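Engineer:
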Amino acid sequence: MTSELPDVRASDAERERIAEILRDAMAEGRLDMAEFEQRLESAYAARTRGELTPLVRDLPVAGAPLPDVGGTAVPAWRERIGGEPTSKGGFAFWGGFSRKGRWTVGRTFTSFVMWGGGVVDLREARFAEREVTVRCVTIMGGTGVTVPPDVHLRVNGVGLMGGFDERSRDEGEPAPDAPRVTVTGFALMGGVGVERKWSRAERRRRKEAGAKAAADAVSPAEAPRPVGGPGEAQGPGGGKDVR
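Shown next, in the form of structure tokens:
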């Protein structure tokens, strides 16, 4: 039986998801600028899902979900603050850079992107200090900053003929001992997107914890009632003594 999926109309959200995958791929060096622009233009012009699929078929995120490194949730905040920074900045000109996974961000991280893309992912990162400032300068390009929902976040950047936006994909309350992250800078004819989102491992852990809590909350089966009604007791041999 032939699948009807290719003829299903694509939604704006699906086009944007493909665009996000392409931006990540360019930032990781999987696509050059020319190929990125060609695929991005095709993504926004696509009318059906069948037109979107080939654009990311050769990229890792297009196939089966990749396993998380270690397969476990990230450590508690008290275990993630301290140490020497492994990166204090990222630069991209007609290309891209990516900081994600297990790395240590310094007190100040500066991102400069021109005609390219940058990714700053703090969800599994360590923090050299509790106060962190991420400065983003983006000119005719795009920079994505992702933080876990339980950090203290402040965004005060400026967009000129561009955008400096904040959004939350997952809900979460800032933990008392969590880092304080400030994202600032400006975007000129480009965009900086700051997103609160759990990592895949943390989302799975929370889902499993929620399922366990729901199972524990289910009332146990009602205990069987004693044989005999009110005012009756079992006599020797199982007979009834009527009182």
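The sequence shown begins at 14 in the numbering used here and counts up one residue at a time. We treat Cβ as the ideally placed atom computed from N, Cα and C, and that holds for glycine. Note that the structure is a prediction, hence the values are computed from the model and not measured.
(1) Under 9 angstroms, do residue 117 and residue 141 count as touching if we go by C-beta distance?
(2) If you measure between the beta carbons of residue 122 and residue 150, is that distance less than 9 angstroms?
(3) Can you tell me which of 154, 61, 132 puts its alpha carbon nearest to the alpha carbon of residue 106?
(4) What first and last residue would you give for the beta strand (DSSP E) that runs through residue 206?
(5) Just curious, the beta strand (DSSP E) that residue 200 is in, first and last residue?
(6) Taking the straight line between their C-alpha atoms, what separation do you get for residue 72 and residue 37?
(7) What is the rounded straight-line gap between the Cα of residue 176 and the Cα of residue 221?
(8) Once DSSP output is grouped into helix, strand and coil, what is the label at residue 22?
(9) Could you pull the start and end residues of the beta strand (DSSP E) that residue 63 belongs to?
(10) Do the CB positions of residue 112 and residue 133 come within less than 9 angstroms of each other?
(11) Just reading off the beta strand (DSSP E) that residue 112 is part of, what are its end residues?
(12) Buried or exposed: which applies to residue 67, given that a residue is buried once 16 or more other Cβ atoms fall within 10 Å of its Cβ?
(13) How many angstroms separate the CA atom of residue 130 from the CA atom of residue 104?
(14) Let me know if residue 189 comes out buried or exposed under the rule of 16 or more other beta-carbons within 10 Å of its beta-carbon.
(15) According to DSSP, simplified to helix, strand and coil, what is residue 174?
(16) Given residue 197, which residues of its chain have a CB within under 7 angstroms of its CB, disregarding the five upstream and five downstream residues?
(17) Expressed to the nearest angstrom, what Euclidean distance is found between the alpha-carbon atoms of residue 199 and residue 110?
(18) According to DSSP, residue 127 sits in a beta bridge with which residue or residues?
(19) Alpha helix (DSSP H) containing residue 53: first to last residue?
(20) Suppose you measure from the CA of residue 56 to the CA of residue 26; what does that come to, to the nearest Å?
Structural biologist: Working from what's here:
(1) On the sequence shown, position 104 is the one that residue 117 refers to. On the sequence shown, position 128 is the one that residue 141 refers to. Contact: yes.
(2) Sequence index remark: in the sequence shown, residue 122 carries index 109 (1-based). Sequence index remark: in the sequence shown, residue 150 carries index 137 (1-based). Not in contact: residue 122 and residue 150 (Cβ atoms no closer than 9 angstroms).
(3) Stepping through the sequence shown from its first residue, residue 106 is reached at position 93. Nearest option by C-alpha distance: 154.
(4) Indexing the sequence shown from 1 puts residue 206 at position 193. Here the beta strand (DSSP E) through residue 206 covers 204 to 209.
(5) Translated into positions along the sequence shown, residue 200 becomes position 187. Start and end: 193 to 201.
(6) For the purposes of this step, residue 72 is taken as the residue at position 59 of the sequence shown. For the purposes of this step, residue 37 is taken as the residue at position 24 of the sequence shown. Rounded to whole angstroms, residue 72 to residue 37 spans 10 angstroms at the Cα level.
(7) For the purposes of this step, residue 176 is identified with residue 163 of the sequence shown, where counting begins at 1. For the purposes of this step, residue 221 is identified with residue 208 of the sequence shown, where counting begins at 1. Whole-angstrom Cα-Cα distance: 36 angstroms.
(8) Taking the sequence shown and counting its residues from 1, one reaches residue 22 at position 9. Residue state, collapsed to three classes: strand.
(9) Taking the first residue of the sequence shown as position 1, residue 63 is located at position 50. Element bounds for residue 63: not the beta strand (DSSP E) but the alpha helix (DSSP H), 62 to 69.
(10) The residue labelled residue 112 in the question sits at position 99 within the sequence shown. The residue labelled residue 133 in the question sits at position 120 within the sequence shown. Closer than 9 angstroms, so yes.
(11) Within the sequence shown, the letter at position 99 stands for residue 112. First-last of the beta strand (DSSP E) with residue 112: 109 to 112.
(12) As a working mapping, residue 67 is identified with position 54 in the sequence shown. Result: exposed.
(13) By 1-based counting over the sequence shown, the position of residue 130 is 117. By 1-based counting over the sequence shown, the position of residue 104 is 91. If I take the Cα positions, the gap works out to 9 angstroms.
(14) Residue mapping note: residue 189 aligns to position 176 of the sequence shown, counting from 1. Burial call: exposed.
(15) On the sequence shown, position 161 is the one that residue 174 refers to. Coil.
(16) Counted from its first residue, the sequence shown places residue 197 at position 184. Here the set comprises 146, 148, 169, 170.
(17) The count along the sequence shown starts at 1 and reaches residue 199 at position 186. The count along the sequence shown starts at 1 and reaches residue 110 at position 97. Whole-angstrom Cα-Cα distance: 18 angstroms.
(18) Start at 1 with the first residue of the sequence shown, and residue 127 comes out as number 114. Paired residue(s): 106, 152.
(19) For the purposes of this step, residue 53 is taken as the residue at position 40 of the sequence shown. Per DSSP, residue 53 belongs to the alpha helix (DSSP H) from 46 to 58.
(20) Taking the first residue of the sequence shown as 1, we reach residue 56 at position 43. Taking the first residue of the sequence shown as 1, we reach residue 26 at position 13. So the alpha carbons of these two residues sit roughly 11 angstroms apart.
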